[in-house]
Amino acid sequence: MTKCRQEVEHVAREFQRYLANTLDIQAELDLHSFRDYSVSLDMESINIRVTLWYSPKRKTSKITFIQSQDPAKEEKIRMAWYGFHHGDHLENGDVHAFVDGSYIDGKVGYGLVILRKGVVLEEMKGVVDSPDYRQHHQVGGELVAAVKFFQWCLKNKISRCTIHYDYEGIQKWGTGAWKANKELTQKYGEYVQKLPLDITWDKVKSHSGNLWNERADRLAKEAIKGE
Numbered sequence: 002m003t004k005c006r007q008e009v010e011h012v013a014r015e016f017q018r019y020l021a022n023t024l025d026i027q028a029e030l031d032l033h034s035f036r037d038y039s040v041s042l043d044m045e046s047i048n049i050r051v052t053l054w055y056s057p058k059r060k061t062s063k064i065t066f067i068q069s070q071d072p073a074k075e076e077k078i079r080m081a082w083y084g085f086h087h088g089d090h091l092e093n094g095d096v097h098a099f100v101d102g103s104y105i106d107g108k109v110g111y112g113l114v115i116l117r118k119g120v121v122l123e124e125m126k127g128v129v130d131s132p133d134y135r136q137h138h139q140v141g142g143e144l145v146a147a148v149k150f151f152q153w154c155l156k157n158k159i160s161r162c163t164i165h166y167d168y169e170g171i172q173k174w175g176t177g178a179w180k181a182n183k184e185l186t187q188k189y190g191e192y193v194q195k196l197p198l199d200i201t202w203d204k205v206k207s208h209s210g211n212l213w214n215e216r217a218d219r220l221a222k223e224a225i226k227g228e
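So the sequence shown is numbered by this note's numbering: it starts at 2 and just counts up by one.
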């Protein structure tokens with residue numbers, strides 16, 4: 002009997018169910034692959050195989066990819082794994098969005114990921130054309146991403162939402178906690194304060210390993226590069 006087989010299999014089965022319920026991806030446990038603290042899962046439909054590792058000392062687990070030929074599908078599984086482990090704070094039924102902006106070589110981009118219960122509903126990205134926003138560099142991009150999210154909520158008749166951002170002004174200008182000295186931030190504050198939305202604000206630390214925040218940042222960069 003391999004060490005920690007019960008714990009390893011429990012985590013693997015839970016992740017297996019999570020993949021099926023959130024992404025409609027069937028993952029099969031390779032029962033012959035059980036080793037001390039690990040087991041492999043096959044996702045034949047997307048040609049991906051991962052090994053799940055369990056640490057009894059830390060009571061934590063991780064996955065490594067041992068077969069993957071499509072970076073986009075691999076990232077999808079990474080995001081699923083992150084949601085499986087860190088999605089508890091997204092489980093309240095609200096719609097959540099992670100927003101970010103980027104500034105590269107004089108160009109400004111925005112990116113956002115919209116989720117409900119840890120499942121991605123939509124992603125958006127684009128280049129900011131307005132000079133008013135461009136002069137604020139990446140902050141201008143993050144402001145655009147926030148507005149895009151609020152517009153999405155209104156369009157989809159959402160009344161409660163949570164926005165995750167890494168620049169403090171997204172909330173402070175929006176709620177009036179900071180005095181807006183620029184026309185752009187004044188208009189942003191006026192717009193947000195008139196919204197018929199119950200907004201929860203959550204500041205995340207940039208480049209701290211939050212997968213969805215990093216995804217929003219990547220989308221903003223992709224928009225600038227035309228990807």
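Quick reminder that beta carbons are idealized off the backbone N, C-alpha and C, glycines included. Values in this document were obtained by computation on a predicted structure and should not be read as measured data.
CB contact check: residue i to chain D, cutoff 8 Å
i    : result
L155 : Judged by its chain identifiers, the structure shown contains no chain D, having just a single protein chain.
Span separating the alpha-carbon of residue i from that of residue j
i    : j    : result
I105 : Q187 : 25 Å
D167 : H33  : 44 Å
E228 : Q17  : 32 Å
K173 : V193 : 11 Å
D71  : S56  : 28 Å
R59  : L185 : 48 Å
M125 : A28  : 28 Å
V9   : Q139 : 42 Å
I26  : I171 : 36 Å
S41  : W82  : 14 Å
L30  : M80  : 20 Å
A21  : E15  : 10 Å
Integer-rounded CB distance, given that residue j should sit under 8 Å from residue i
i    : j    : result
V129 : L113 : About 13 Å; that fails the 8 Å criterion.
S39  : W54  : 5 Å
R135 : G141 : 6 Å
W202 : I164 : 6 Å
R161 : D199 : 4 Å
V120 : T23  : 5 Å
Buried versus exposed, by CB contacts within 10 Å (16 or more), residue i
i    : result
I67  : exposed
E143 : buried
Q7   : exposed
N157 : exposed
S62  : buried
N214 : buried
R216 : buried
S46  : exposed
S103 : buried
G107 : exposed
K222 : buried
L116 : buried
T155 : It is worth fixing the name first, because residue 155 is Leu in this sequence and not Thr. Classification of L155: exposed, given that the 10 Å Cβ count is below 16.
H137 : buried
H236 : Past the boundaries of the shown model lies residue 236; the chain is included only from 2 to 228, so the question cannot be answered.
D218 : buried
Any alpha helix (DSSP H) of 4 or more consecutive residues that is wholly inside the stretch 6-64: Counting whole runs of 4 or more residues, the stretch 6-64 contains the alpha helix (DSSP H) stretches 6-24.
Can at least three beta-carbon pairs, one atom from the stretch 131-149 and one from the stretch 179-195, be found at a separation below 8 Å? Judged by Cβ distances under 8 Å, the stretch 131-149 makes contact with the stretch 179-195, as three or more pairs qualify.
Take every Cβ of the stretch 73-81, pair it with every Cβ of the stretch 169-189, and state whether three or more of those distances are shorter than 8 Å. No, the stretch 73-81 is not in contact with the stretch 169-189.
Sequence ranges, beta strand (DSSP E) only - wholly within the stretch 66-153, length at least 3: For the stretch 66-153, whole beta strand (DSSP E) runs of length 3 or above, ordered along the chain, are 96-105, 108-117 and 120-128.
For the stretch 160-199, which segments carrying the beta strand (DSSP E) assignment without a break, of at least 3 residues, lie completely within its bounds, in sequence order? Counting whole runs of 3 or more residues, the stretch 160-199 contains the beta strand (DSSP E) stretches 161-166.
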